[in-house]
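Number 286 in the working numbering belongs to position 100 of the sequence shown; there are no gaps in the numbering. First comes the structure, then the notes that go with it.
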Amino acid sequence: MTTPLVVGNWKTNGCQSESVNLARAIVRLKRRCPARVQLAVAPPFTALASVTRALRRSGIGVAAQNCHWLESGAFTGEVSPTMLRDVGCDMVILGHSERRHIFHETDAVVAQKVEAALRNGLRVILCVGETLAERRQGRTAKVITRQFRIALKGLAKNAIDNIEIAYEPVWAIGTGQNASPVQIARVHRRIRQLLTGRFGKAAGSRSRILYGGSVKPDNAAVLATTGEVGGFLVGGASLAAESFMSIARCFNQELN
Ligand code: 13P
187 MTTPLVVGNW
197 KTNGCQSESV
207 NLARAIVRLK
217 RRCPARVQLA
227 VAPPFTALAS
237 VTRALRRSGI
247 GVAAQNCHWL
257 ESGAFTGEVS
267 PTMLRDVGCD
277 MVILGHSERR
287 HIFHETDAVV
297 AQKVEAALRN
307 GLRVILCVGE
317 TLAERRQGRT
327 AKVITRQFRI
337 ALKGLAKNAI
347 DNIEIAYEPV
357 WAIGTGQNAS
367 PVQIARVHRR
377 IRQLLTGRFG
387 KAAGSRSRIL
397 YGGSVKPDNA
407 AVLATTGEVG
417 GFLVGGASLA
427 AESFMSIARC
437 FNQELN
């Protein structure tokens, strides 16, 4: 089994000192009681450099929460993939529903960002997910398929080695209402079919698919035992080291 990946998406929370303290607390807990998973955190842009320093030699990855699709130029307020590499980022989250729905990022924009991030040596965590209205209209599979196909259009087959897909139903994000194991398994199976169709059988079977949306210490164990879950993308519960690590440790039993 591929090692699960658990990523803390800190969103727009924490100034530098808070972010560094949180990163250090995660390192301490990881030493005391290891989680048998790969860990990463996604601090806000302003804390990326200091968190990267705090996590040096910890084995914990650092992701950005977004990036622009060009290396440089007149794009006031944007941060490029080159700049992310420069501060020591390994990964970038792209297509997060907050980017799609609050900042109106289209599938085509997400695709440009995915291509640019990969070209600059960043691993990509690509988020896909349906809104509540789309789910109620029975369009979940259709929406996921569209987001997947457009975002990954034109990439070489081996690009998948540097991409993680995260299923984040919009209605489960920050609402305290997680998707059920059955709902997750159904969508993850669809994503696996898409991976196989697009990148080949081996990629389809070995890729880990993350789930995100109200993952908490008290529901993580149940969600982790959903066979199709290869890790979590955690928002609110990643803002405290103890709850983040207790979520990560849920996979320990799974791996026994
Ligand atoms: P919550 O865990 O706060 O629901 O957020 C999920 C998320 O958006 C992770 O990217």
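Even for Gly, the Cβ is constructed at its ideal location relative to N, Cα and C.
For residue 224, the residue or residues it bridges with in DSSP: The residue given as residue 224 occupies position 38 in the sequence shown. Secondary-structure assignment with DSSP links residue 224 through a beta bridge to 191.
Buried or exposed by the 16-neighbour rule on C-beta atoms within 10 Å, applied to residue 343: To locate residue 343, count along the sequence shown from 1; it is residue 157. The Cβ neighbour count for residue 343, taken over all protein chains shown within 10 Å, is under 16; the residue is labelled exposed.
Any 3 or more C-beta pairs closer than 8 Å across the stretch 353 to 365 and the stretch 299 to 306: Contact between the stretch 353 to 365 and the stretch 299 to 306 is absent: fewer than 3 CB-CB pairs across the two stretches fall below 8 Å.
Residues of its chain near residue 393, where Cβ-Cβ distance is below 6 Å and the 5 sequence neighbours each way are ignored: To locate residue 393, count along the sequence shown from 1; it is residue 207. Correct list, in chain order: 381.
Spatial distance of residue 320 from residue 372 (CA atoms): Here the question's residue 320 lines up with position 134 in the sequence shown. Here the question's residue 372 lines up with position 186 in the sequence shown. About 15 Å.
Endpoints, the alpha helix (DSSP H) within which residue 304 is located: One-based indexing of the sequence shown puts residue 304 at position 118. In this chain, the alpha helix (DSSP H) harbouring residue 304 covers 293 to 305.
Distance cut-off 8 Å: residue 283 Cβ against heavy atoms of the ligand 13P: Walking along the sequence shown from the start, residue 283 turns up at place 97. Yes, the ligand 13P has a heavy atom inside 8 Å of this Cβ.
Distance cut-off 8 Å: residue 420 Cβ against heavy atoms of the ligand 13P: Counting from 1 along the sequence shown, the entry for residue 420 is found at position 234. Indeed, a heavy atom of the ligand 13P lies less than 8 Å from the Cβ.
Closer than 8 Å: residue 266 CB and nearest the ligand SAH heavy atom: This structure lacks the ligand SAH; the ligands present are the ligand 13P.
Expected contact under 8 Å - CB spacing of residue 351 and residue 395 to nearest Å: As a working mapping, residue 351 is identified with position 165 in the sequence shown. As a working mapping, residue 395 is identified with position 209 in the sequence shown. Between residue 395 and residue 351 the Cβ distance is about 5 Å, and since that is below 8 Å, they are a contact.
Neighbour-count burial assignment, residue 435, 16 or more Cβ in a 10 Å radius: Numbered from its first residue, the sequence shown carries residue 435 at position 249. Burial check for residue 435: the Cβ neighbour count within 10 Å reaches 16 or more, so the residue is buried.
Which of helix, strand or coil DSSP assigns to residue 420: Counting from 1 along the sequence shown, the entry for residue 420 is found at position 234. Three-state result, residue 420: strand.
Spatial distance of residue 255 from residue 300 (CA atoms): The residue given as residue 255 occupies position 69 in the sequence shown. The residue given as residue 300 occupies position 114 in the sequence shown. When the Cα atoms are used, residue 255 and residue 300 turn out to be separated by approximately 8 Å.
CA-to-CA distance, residue 226 to residue 398, given in whole angstroms: By one-based count along the sequence shown, residue 398 stands at place 212. By one-based count along the sequence shown, residue 226 stands at place 40. Computed Cα separation, rounded: 14 Å.
Cβ-based neighbour list, residue 236, same chain, cut-off 6 Å, excluding 5 preceding and 5 following: Residue numbering aside, residue 236 sits at position 50 when the sequence shown is read from its first letter. By the criterion of a C-beta distance shorter than 6 Å, residue 236 is surrounded in its chain by 202, 206, once the five residues flanking it on both sides are discounted.
Between the CA atoms of residue 233 and residue 439 - distance to the nearest angstrom: One-based indexing of the sequence shown puts residue 439 at position 253. One-based indexing of the sequence shown puts residue 233 at position 47. Spanning the two alpha carbons is a distance of roughly 33 Å.
Counterpart residues of residue 352 in DSSP-defined beta bridges: Sequence index remark: in the sequence shown, residue 352 carries index 166 (1-based). BP columns for residue 352 point to 313, 396.
Same chain, Cβ closer than 7 Å to residue 326, neighbours up to 5 away in sequence not counted: Walking along the sequence shown from the start, residue 326 turns up at place 140. Excluding positions up to five away in sequence, the list reads 316, 320, 373.
CB contact flag (residue 213, residue 240, <9 Å): Here residue 213 refers to the residue found at position 27 when the sequence shown is read from its first residue. Here residue 240 refers to the residue found at position 54 when the sequence shown is read from its first residue. It is a contact, given that the beta carbons lie within the stated cut-off.
Neighbourhood of residue 367 by C-beta, 7 Å cutoff - its chain only, sequence neighbours within 5 removed: For this step, residue 367 is matched to residue 181 along the sequence shown. Apart from the 5 residues on each side of it in sequence, residue 367 sits with its Cβ closer than 7 Å to the Cβ of 408, 409, 412 in its chain, given in chain order.
DSSP state of residue 370 mapped onto helix, strand, coil: Taking the first residue of the sequence shown as position 1, residue 370 is located at position 184. It is helical.
Residue range of the unbroken alpha helix (DSSP H) whose run includes residue 410: Here the question's residue 410 lines up with position 224 in the sequence shown. Under the DSSP assignment, residue 410 falls in the alpha helix (DSSP H) whose first and last residues are 403 to 410.
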